[in-house]
Amino acid sequence: MNMKRGELIEAPLFTGFAQVSFEGLLSALSKDTLLVADLSAVSSEGFSAAHQLAGQLQLELSSNIFGRSVNQSSSPSERVAAWVDAEGRGDALIAKAHALAVSIAAAASEVNAQCLIILPVSGKQVCEEENWFIYFLASALSAESEKLSFLCGEGLAVGYAFQGLKIKLASAGIEDDATDLSGEISPLFAIFPGVLNQQQVVQLASEGLLDNVALLPLLGGHYLIAPAHRRVITDLSDEELSLAYEHALLLPDNVSILAGLDLFKLERGLNIGLPLSELVASAWRLCGEGGLDTAEYFFGVIAAYLKRHSYDEYLAVAVEMQSFRISAQRFNLAATFEEPDQQLGDTRLCQDVFFTLGWARVLSGDPAGAADAFSRAGHREIKSAANAIDLYLLNIYALSLLRNGDWDAAMRIELDISKRLAILPEPDWHLTYINNFNLARLYRIHGEYDDALSHIRLVLATTEGLQTDSDHIYFNLTLGDLESRRERHAESLVYLWRAAMHFLCNPVPEAIGWRTLMSLMGRRDTVDSKMPHFFAAALCDKLAGAAGQVGVAITEGESETPFYYSEHGLGLGNEACTIVRSSHLGALVVSPEDFGNSSYDSPAYKRLRSLAIQVFEAFSFPGWSLPAGSIMFSPASVVELDLKAPSEFACLALKYGIKNSVSAECSGEALDLDKLSRNIWLNLTPAIASVVKTSGDSGASVSFKRYRETLELRGWGPGLVLALSQGGAMTIADAIAKQILKQDETGLRGLGHQLGRLESQGVITLRFE
Numbered sequence: 080m081n082m083k084r085g086e087l088i089e090a091p092l093f094t095g096f097a098q099v100s101f102e103g104l105l106s107a108l109s110k111d112t113l114l115v116a117d118l119s120a121v122s123s124e125g126f127s128a129a130h131q132l133a134g135q136l137q138l139e140l141s142s143n144i145f146g147r148s149v150n151q152s153s154s155p156s157e158r159v160a161a162w163v164d165a166e167g168r169g170d171a172l173i174a175k176a177h178a179l180a181v182s183i184a185a186a187a188s189e190v191n192a193q194c195l196i197i198l199p200v201s202g203k204q205v206c207e208e209e210n211w212f213i214y215f216l217a218s219a220l221s222a223e224s225e226k227l228s229f230l231c232g233e234g235l236a237v238g239y240a241f242q243g244l245k246i247k248l249a250s251a252g253i254e255d256d257a258t259d260l261s262g263e264i265s266p267l268f269a270i271f272p273g274v275l276n277q278q279q280v281v282q283l284a285s286e287g288l289l290d291n292v293a294l295l296p297l298l299g300g301h302y303l304i305a306p307a308h309r310r311v312i313t314d315l316s317d318e319e320l321s322l323a324y325e326h327a328l329l330l331p332d333n334v335s336i337l338a339g340l341d342l343f344k345l346e347r348g349l350n351i352g353l354p355l356s357e358l359v360a361s362a363w364r365l366c367g368e369g370g371l372d373t374a375e376y377f378f379g380v381i382a383a384y385l386k387r388h389s390y391d392e393y394l395a396v397a398v399e400m401q402s403f404r405i406s407a408q409r410f411n412l413a414a415t416f417e418e419p420d421q422q423l424g425d426t427r428l429c430q431d432v433f434f435t436l437g438w439a440r441v442l443s444g445d446p447a448g449a450a451d452a453f454s455r456a457g458h459r460e461i462k463s464a465a466n467a468i469d470l471y472l473l474n475i476y477a478l479s480l481l482r483n484g485d486w487d488a489a490m491r492i493e494l495d496i497s498k499r500l501a502i503l504p505e506p507d508w509h510l511t512y513i514n515n516f517n518l519a520r521l522y523r524i525h526g527e528y529d530d531a532l533s534h535i536r537l538v539l540a541t542t543e544g545l546q547t548d549s550d551h552i553y554f555n556l557t558l559g560d561l562e563s564r565r566e567r568h569a570e571s572l573v574y575l576w577r578a579a580m581h582f583l584c585n586p587v588p589e590a591i592g593w594r595t596l597m598s599l600m601g602r603r604d605t606v607d608s609k610m611p612h613f614f615a616a617a618l619c620d621k622l623a624g625a626a627g628q629v630g631v632a633i634t635e636g637e638s639e640t641p642f643y644y645s646e647h648g649l650g651l652g653n654e655a656c657t658i659v660r661s662s663h664l665g666a667l668v669v670s671p672e673d674f675g676n677s678s679y680d681s682p683a684y685k686r687l688r689s690l691a692i693q694v695f696e697a698f699s700f701p702g703w704s705l706p707a708g709s710i711m712f713s714p715a716s717v718v719e720l721d722l723k724a725p726s727e728f729a730c731l732a733l734k735y736g737i738k739n740s741v742s743a744e745c746s747g748e749a750l751d752l753d754k755l756s757r758n759i760w761l762n763l764t765p766a767i768a769s770v771v772k773t774s775g776d777s778g779a780s781v782s783f784k785r786y787r788e789t790l791e792l793r794g795w796g797p798g799l800v801l802a803l804s805q806g807g808a809m810t811i812a813d814a815i816a817k818q819i820l821k822q823d824e825t826g827l828r829g830l831g832h833q834l835g836r837l838e839s840q841g842v843i844t845l846r847f848e
């Protein structure tokens, strides 16, 4: 059984790798298959531990953490798209760390592997993405058999700290190495990540560079360099560093290691092999891979070098570095960047740096500092806005004006941007999203709630069907707050309940975005492994208060019943499940089967589960308890629900073949899937920008307004999507009659499951009428 996150997870730490023998290493850990991630040296790639373990397990991993990447060659529209999507997507780095850890833990369990993490020889903390990956990996592996261990040098054990982990010093160290390691070796092995693939070993051996290097064979044709060969890079002489670079040139796939070595040489003032523009590109590559700490280091070294040699080039890289920090949502760091010297630098470059300072300061909660920076960033007007990024920056400037109390000026800018967007030859959905988002906020602050709701609807139209987990929570909180301000307290409770359900079902609550955190917590806290507990506690207070407003009696209690999204817990065999319907809240699926522990747990989580169940029961079956081993909830494609006629129950029945249903009006009802199919309507999601026929009429290409890259459909999907695009909505029964949809031996149950998959891809919506 996997360990619940939210509890401290113990992992043993062995010390003394300066003299460690491979025999002693294997003896101390276990006789299981050994997987090793060597973080003892400075890495030049993001999620290095994950990629090393995946290589041994022969897993293919995607490298980019963002749906869209931002780099020095990105167009203004591409940069805006990435920045806007990053705000709604949640913390992409944490979500990626979780996905990688789950995949690797599953593969490691199949081969009964023990995972060993070798910690930095310098005694420094591992990078942020490695920290999160190790945290999720520890929770995903079997805790009772201690499948994750650490190894570090003598005297370094007290210096390491990890998210959600309790490192316990192993009672015995590892036996001293009896192998003679005194022979001369290349300095490359002192600093190169210590797990080599077979191609690297063959190449290095052919050059005679492995003659005195001790190697331990691992899975997948990989080898571990003896930890005793590792050194702190600052201990290498300039000559050794240059020799390491020469030897790295011999390696296949050496782009990242060469960039890293060049950076160390640049830091020392040595000649480098790559142009500086390539090092800037490497920093952006690291950003895309999730190596944010290392990217920050790259930018810092490059900026420090240029500041000594060319102030204008330094300012240009400073804009790149600030752009990276804002893309990575490192607002506090960007807000404290050194202000440019306007006597030394180009006026426009200085203004650009000041603008990034204003941008970061307004998003980090320093409106006065933002106003000061914007006052030195040049005059910006709507009439001089030449492209998408100019309009986006005007949105940021308007936010600064609002935060400094000038509502009228902020509103003028946003209305002017709205007019400009209306006359564009093609829609800019990202700017449409952020402009309407800001207009909704301005109207809400002014108490004009109907206008605020109108603009929230325009915001939602850019994401409906594609909402992230963070979006679902944020917009339900937003709509709940708006209904409360309009004194529609029953509706407010419904939205707050749905926000709580989304949070409880979220498989990675640690990755909730900063805007969602702000909407509930009212402050910008650092995200760590304990954050979901505090977020759950705040949601408890909010939900209990809203329940009190409408007279729903709430009792203190806790629930151990796990909550899941139906998409994660249900397949085709759901005969024992029951749909429980509420005339106000929609529908839940209850199952007598416990699918296992919730991914995260804490006292606040247990209380929030209890509150959510009590609210559902109060609106559905007063005095009746949900008989469930687990509870499943389906994220609606449309956030703003028609609360009088929720349709989830029928769609759930069709998608998962569930035939049992109960409600306040009916204690037990056998659902007829054939009858339901005549009243379930299919339509394209509002978040689709276009549908194009491809591949000689056999395929379809679907592009989206936000978040996702273009999706290429094959099989039966193109016919349905093109029919909906050209002819509008149709019922499932009509689609079958027209042979757009065809049933196989699984009947409507199988067809519904396939439609559910297409819905989860953000292509279609299902609605019962």
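In terms of our numbering, the sequence shown opens at residue 80 and continues consecutively. C-beta atoms are modelled at their ideal positions from N, C-alpha and C, and glycine is treated no differently. Because the structure is a prediction, the values reported are computed rather than measured.
VAL281 sits exposed, since fewer than 16 C-beta atoms from the chains shown fall within 10 Å of its C-beta.
Under the DSSP definition of a beta bridge, ASP117 partners with ILE197.
In the structure shown, CYS231 falls within a strand segment according to DSSP collapsed to helix, strand and coil.
With contacts defined by Cβ atoms closer than 8 Å, LEU114 and ALA240 do not form a contacting pair. Annotated three-state conformation of THR435 is helix, per DSSP. Between ALA449 and GLY437 the beta-carbon gap is near 5 Å, inside 8 Å, which marks them as a contact. Three or more beta-carbon pairs separated by less than 8 Å are not found between the stretch 783-793 and the stretch 558-572, which leaves the two stretches without contact. Residue environment analysis places ALA779 among the buried positions, since at least 16 neighbouring C-beta atoms fall within 10 angstroms of its C-beta.
The C-beta distance from LEU845 to ILE759 rounds to 6 Å, short enough to fall under 8 Å. Contact between the stretch 726-733 and the stretch 597-614 is absent: fewer than 3 CB-CB pairs across the two stretches fall below 8 Å.
Setting aside the 5 residues that flank it on each side, SER839 is surrounded in the same chain by GLU646, each with a C-beta closer than 8 Å to its C-beta; the list follows chain order. Under DSSP, ARG846 forms a beta bridge with TRP760. Going by DSSP, ALA768 is part of the beta strand (DSSP E) stretching over 767-773. The stretch 572-580 makes no contact with the stretch 199-218; the number of CB pairs closer than 8 Å stays below 3.
Note that the stretch 607-623 does not touch the stretch 659-667; fewer than 3 beta-carbon pairs, one per stretch, sit closer than 8 Å. DSSP, read as helix, strand or coil, puts VAL334 in helix. Taking 8 Å as the cut-off, the Cβ atoms of CYS366 and PHE403 count as close. For LEU355 and ALA413, the gap between their C-alpha atoms comes out near 22 Å. If you draw a 10 Å sphere on the C-beta of TRP508, you find 16 or more other C-beta atoms in it, and that means buried. A distance below 6 Å between beta-carbons, with the five flanking residues on each side excluded, links PHE516 to the following residues of its chain, in chain order: VAL538. The three-state reading of DSSP puts GLY829 in helix, counting H, G and I together.
In the DSSP annotation of this structure, the continuous segment of the beta strand (DSSP E) that includes LYS247 starts and ends at 244-248. Spatial neighbours of ASP530 in its own chain (CB-CB distance under 7 Å, excluding positions within 5 residues in sequence) are listed in chain order as TYR522. When Cβ pairs closer than 8 Å are counted between the two stretches, the stretch 540-549 is seen not to touch the stretch 631-642, the count staying below three.
The residues ALA116 and VAL274, in chain order, have a CB closer than 6 Å to that of GLN131 in the same chain once the five nearest residues on each side in sequence are set aside. Between ALA590 and ILE183, the C-beta gap is not smaller than 8 Å, which leaves the two residues out of contact. Given a length threshold of 4 residues, each whole run of the alpha helix (DSSP H) inside the stretch 391-452 is given here in chain order: 410-414 and 426-442. According to DSSP, ILE88 shares a beta bridge with LEU244. Collapsing the DSSP output to three states places ALA382 in a helix. In the displayed model, VAL292 falls within coil according to three-state DSSP, outside both helix and strand. Counting every other CB atom within 10 Å of its CB across the protein chains shown gives HIS581 a total of 16 or more, marking it as buried. Here TYR376 has LEU342 as same chain residues with Cβ atoms under 8 Å from its own Cβ, once five neighbours each way along the sequence are excluded. Look at the beta carbons and you see the stretch 281-296 not touching the stretch 310-318: under three pairs across the two are nearer than 8 Å.
With contacts defined by Cβ atoms closer than 8 Å, LEU337 and ALA327 form a contacting pair. Here the C-alpha atom of ALA691 lies approximately 29 Å from the C-alpha atom of LEU752. Here ASP431 really is in contact with VAL398; their C-beta atoms are around 5 Å apart, less than 8 Å.
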